[in-house]
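Sequential numbering of the sequence shown, starting at 1, is according to full-length UniProt numbering.
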Amino acid sequence: MANHGKLEEYDSQEEWSQYIERLEFYFEANGVDDEDKQRAILLSVCGSKTYKLIRNLITPGKPSEKTFAELVELVQQHQHPKPSAIVQRFKFNTRFKKPGESIASYVAELRSFSEHCDFKSTLEEMLRDRLVCGINDEQIQRRLLAESSLDFKKAMKIATSMETAVKNARDLTHQMANANINTEKPATLHRVDNQRQGNQPWSKAECGRCGGKHDPQQCNKKGHIARKCRSNTKATGKNQRNDNPNSGTSSNYLNMKDDEIEEEDDNYGIYSLGKEQAEPYVVDVLVSNESLKMEVDTGAAVSVMNEDTYTLLKKKHPNLELKESKVRLNTYTGEQVKVSGQLETSVKYEDQEGVWPLLVITGKGPNLIGRNWLQKIKINWKNLFQLKEDKNTSVRVNKLLEKYEKVFHEELGTFSGLKSKIYVAEDASPKYYKARPVPYALREKVEKELERLQGEGTIEPVQFADWAAPIVPIVKDDKSIRICGDYKVTVNQAAKLDNYPIPKAEDLFATLSGGEKFTKLDTSQAYQQILLEDESKKYTTINTHKGLFQYNRLPYGVSSSPGIFQRTMENLLQGIPFVVVRVDDILVSGSNDEEHLANLEEVLKRLSEHGLRLKKKKCAFMVNEVVYLGQKINSQGIQPIQEKVRAITNAPAPTNVSEVRSYLGMINYYQKYLPNLSTILAPLHSLLEKGKSWKWSEEHQEAFRKSKELLKSSHLLVHYDPEKELILACDASPYGLGAVLSHRMEDNTEQPIAFASRSLSAAEKTYYQLDKEALAIVFGVKKFHQYVYGRHFTILTDHKPLERVLHPDKMTPPMAAARIQRWALILSAYDYAIQYKEGIQNANADALSRLPLPDTPGSIPVPEETILLMELLETTPIRAEQVKNWTKRTPILARVLKFIKQGWPSKCPDGEFQPYFQRRDELSVQDDCILWGNRVVVPPQGRRQVVDELHETHPGICKMKSLARSYVWWPNMDNDLENKVRTCNNCQINRKNPPEAPLHPWEWPSRPWERIHIDYAGPFLGKMFLIMVDAYSKWLEVHPTNVATSRATIEKLRSTFAIHGLPKTIVSDNGSNFCSEEFEEFLAKNGIHHRRTAPYHPASNGLAERAVQTFKEGMKKMSNKEKNQDLPALGRTTSRLDRQLRPVGRRPYQPATRSRPTSGTLEICCRFG
């Protein structure tokens, strides 16, 4: 029997679910119902790649061990794991109809998005709402909103009907227009033929000049009628001309006449007859030293600038005067253009410059270069046409990016290939660190970020962990939180670095040689899209105030991440020509644009198939050159760049003796490699002579220039070598930063690879010294990122505290300044060691920091944690300005402020400075307010106000301390808060009672009658009853008495002791009959120890209290007759009561006497007194 249909191999371009649907239809068409046969057909037709994938997914099992449904589900979960419903709903609700997209296609896309949105029964309503809100046609949208009861089917019907009607009407109009054009004589460009053919009568159409229907020759004025005249706006009440040269169908062509403008006979727009206008040719021109884009227009008689551009130019150059001009302009169609005035301004294009006139016109049209400038400027037409070609290429690139727009989505991607593994030594001891305290100002934001990460599957909670790293919350510019684990104290110390080789410079240059243009794709955050193996997740556990969480993805800060990522990306992109993966960049090229775009498309295709995402704003497409490892790569080959020695070339000349000394120190640092050094530097050394006044002459300048040439010469500079040890020396001065990247040579000397320096901004100059020195390190690492990322290097600094603060194997101090914690996290992505080097030996970096380039960063972001703190401070009883003034007026804090800015002494200067000296590495300054971490150090003048504010609602000592430790600090702050609560009457009156101490059981006596418990019961039945209980046997004695005095008590005890003997201890409460002198004397004479219970705590004598309760309950249950009986009845009663207290299985008198007592003994024991 012939089979119906044909099955081909599975193509990864097709969705797996769609392939399975076609396969199931094939089974149905051919009557394949047996599951084993279905499985066999799937495995035989799916193709070798898919079969290999299935085998890998079920290893060590075999495909034959799984059912057809299990195999389908297995591949589905791998290829297309079920996405988050939250994310899919977000995509659904933000999907708008694109221009040119039909409504049917738009709804189909919405249905596709809704597959995993879990709308259930509300799907139709959600589709209706999205259709109405997401459509970009106002008429259709208004029509849908006008419906009182609208469901999805009705909305779809109305929308598609209106869309079809508009399209049909457009087609009819287009066909009519084509018919008219085909029957008329083609228009001639730049010429309008208005002569009549033969004796044809004039058309009585409305005249464009006067508005009437007549022969044009009948007008009284040539080309003018008052009510239609363009120069007379009063006739019509509105301006009929178009002042904007760039609007509608108007031309940019301008004619200039000094006398009255001639008017054409007819008002035709020339562009209405032609096709779409071509893109203009634009050049960059410096006008008054400001860059301006201007269109090259050979049809314009003069060069013009619009009013908006002039307004912006005027703000930057207030002296730019606009002179009156009598020049009158008109467009090609005769429309007049209003001239605001004329400028005489400086103009520069490439190497051509001059002072030429420039007219300013009303409107917002383009700025034009007219013929008056073109006669003086030679336009570089070759480059201009090249720009046009580049624009065409840019269009193709944009289409390619639109095709693979999924790669550039902002969402976090998931690499669908192999999972990464962190290798840790088998004998490594787990490192567990407790959670760091989170300030109250950040706690809610941290919790929200944890919830977000958990919701997207980046982290998951765990109950127990052997490994745990503390977190460092970083506040981003939008005031949201980024959570980073401080892994340098946990897994980084035990992990084996993935030493996958980073491509050498020679390999990179060889692969890219012959390329015309270059594309750089940024993948700096892509390794966070790589999933971790289950066994490796435990090493990434973070400890937070909300508990333990472990990462499911490769997190930021793990030292083995670069090697893992390099291996993953090279395996993914292997086989594509002109493609290189190096650290966090993908470089793509090609011998021509066609090959380049083909290679780029293949790269984007593979990234898309494997679920990776890139940041589009950090990528560069089809650029003419790229810079790598100090070499410039372009179509001409490999060329050295001057950037790595710019810090030397453009270094400013010294201005004082100190700067000369620093510069000479740098020269002498490399004296081994510099010939004729002493001769060249002799003029500079003369400036250091004692007593000589400072004077910088031409001789000194020439020596300075020659010495800089030596520093840039091949005698000293070396090329980057991946096999040699890498050294990064950094230093900071009060006004600059310096960094030198060097190789350590075989003879243990250093030779520089590159130099870098820059000046400090005004904000950075206020940093304290530790911050400046740390900033120099971060500046150097970022500047030489291409050299140091992915390999081990050594940082040299002359600031000793940084060895502790930024040590790669030590935890970042929890109370360190926010910027220090941020910088420590940046450095955690690098494999480095940090060493202290005395300042006099760190001369190379020191000189660069004292002779820095004038470059400064555009803006210095203040850590958002500090911003939140200072904003909060403005709402408290003390303001930041007050703290600033008090700090300067307080002698101790003023000196602390000076130490922070200029450096701390090696020893604590005085005992009063000890609390600050202990925290010297964690103190910082913001607006002259001292901070300990994120807490303000409050001067003595404001401490009472802060304490009063904290105590305003009487929260108690613990709550006050907790609040204070999130915002403020001063020495002995805890004591001040405790004293405030202890001296507050309301707090003491309303405080809770101290918790009850747990009851301590009485020690078990060693024999009967060793310890007895006594108490009085009554008045009861008109009498008092003395209750005695033996702690060992629970034997109960009850003695009635008329009064409960000490004498009566002694008599009863004496009679009892005569029978049972003397006990060692008597336990009683603090009643007066038990505390009298007479009672104490009786016990002392008999050698009995008296122990009294705590006042108002009857439970301490619980045995006696329980006996009293039992006695009363038993007596209440007796009849009146029994109560009136005398001695024998009461004796039987006590015997029955005793059974409730004695140990089970013994007679009541047996434990006490160890013999059977006589009845006389019992009578004596129970006789009334």
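A virtual CB, placed ideally from N, CA and C, is assigned to each residue, including glycine.
Burial state of residue 954 (16 or more Cβ within 10 Å)
exposed
Measure the C-alpha to C-alpha separation of residue 124 and residue 151 and round it to an integer number of angstroms.
8 Å
Tell me, to the nearest whole angstrom, how far the beta carbon of residue 363 is from that of residue 306; I am working on the premise that it is less than 8 Å.
6 Å
Where the beta strand (DSSP E) through residue 1025 begins and ends:
1023 to 1030
Please say whether residue 585 and residue 520 have beta carbons closer to each other than 7 Å?
yes
Using the beta-carbon count (16 or more within 10 Å), is residue 1052 buried or exposed?
buried
Taking the beta strand (DSSP E) that residue 549 belongs to, which residues open and close that run?
547 to 551
Starting from the Cα of residue 778, find the closest Cα among 72, 756, 791 and give me that residue.
756
In whole angstroms, what separates the C-alpha of residue 1170 from that of residue 604?
Shown here, the chain extends from 1 to 1169; a query on residue 1170 therefore has no answer.
Which residue comes first and which comes last in the beta strand (DSSP E) that contains residue 460?
459 to 462
Whose C-alpha, out of 451, 445, 1102, 326, is nearest the C-alpha of residue 480?
445
Verify whether the separation of the beta carbon atoms of residue 653 and residue 704 is less than 7 Å.
yes
Out of curiosity, what's the CA-to-CA distance linking residue 304 and residue 317?
18 Å
Can you tell me where the alpha helix (DSSP H) with residue 744 in it begins and where it stops?
Counting along the chain, residue 744 falls outside any alpha helix (DSSP H), though it belongs to the beta strand (DSSP E) covering 736 to 744.
In the structure shown, what three-state DSSP assignment does residue 672 receive?
helix
Is it true that the region 333 to 340 meets the region 396 to 410, where meeting means three or more beta-carbon pairs spaced less than 8 Å apart?
no
Determine the contact status of residue 103 and residue 165, defining contact as a CB-CB distance below 7 Å.
no
Do residue 1078 and residue 1172 come within 7 Å of each other at the CB atom, strictly closer than that value?
Coverage of the chain is limited to positions 1 through 1169, which leaves residue 1172 absent and any answer about it impossible.
Expressed to the nearest angstrom, what Euclidean distance is found between the alpha-carbon atoms of residue 91 and residue 107?
14 Å
For residue 609 and residue 62, the rounded distance between their alpha carbons
26 Å
Decide if the region 731 to 743 is in contact with the region 694 to 714; the criterion is three or more beta carbon pairs, one per stretch, under 8 Å apart.
no
Is the region 1019 to 1037 touching the region 974 to 986, taking contact as three or more C-beta pairs under 8 Å?
no
Neighbourhood of residue 541 by C-beta, 6 Å cutoff - its chain only, sequence neighbours within 5 removed
465, 467, 468, 548, 550
Among residues of its own chain, excluding the 5 on either side of residue 650, which ones have a beta-carbon nearer than 7 Å to its beta-carbon?
853
Should residue 297 go down as buried or exposed, given a rule of 16 or more other Cβ atoms within 10 Å for buried?
buried
Could you give the DSSP three-state label for residue 577: helix, strand or coil?
coil
Label residue 38 either buried or exposed according to how many other C-beta atoms from any shown protein chain fall within 10 Å of its C-beta, with 16 as the threshold for buried.
buried
Rounded to whole angstroms, how far is the Cβ of residue 718 from the Cβ of residue 844, which I believe are closer than 8 Å?
About 14 Å; that fails the 8 Å criterion.
Please confirm whether residue 451 and residue 368 have their CB atoms less than 7 Å apart.
no
Here's the rule I'm using: 16 or more other beta-carbon atoms within 10 Å means buried, otherwise exposed. How should residue 866 be labelled?
Residue placement at residue 866 is flagged as unreliable, the pLDDT there being 48, under the threshold of 50; a coordinate-derived value is accordingly withheld.
DSSP three-state call for residue 61: helix, strand or coil?
coil
Measuring only the C-alpha atoms, how far is residue 663 from residue 934?
39 Å
Answer yes if the region 899 to 909 comes into contact with the region 919 to 931, meaning at least three C-beta pairs across the two stretches below 8 Å, and no otherwise.
yes
Tell me where the alpha helix (DSSP H) around residue 311 begins and ends.
307 to 316
Assign residue 1109 to buried or exposed, taking buried as 16 or more other Cβ atoms, counted over all protein chains shown, within 10 Å of its Cβ.
exposed
Taking C-beta to C-beta, are residue 310 and residue 347 nearer than 7 Å?
no
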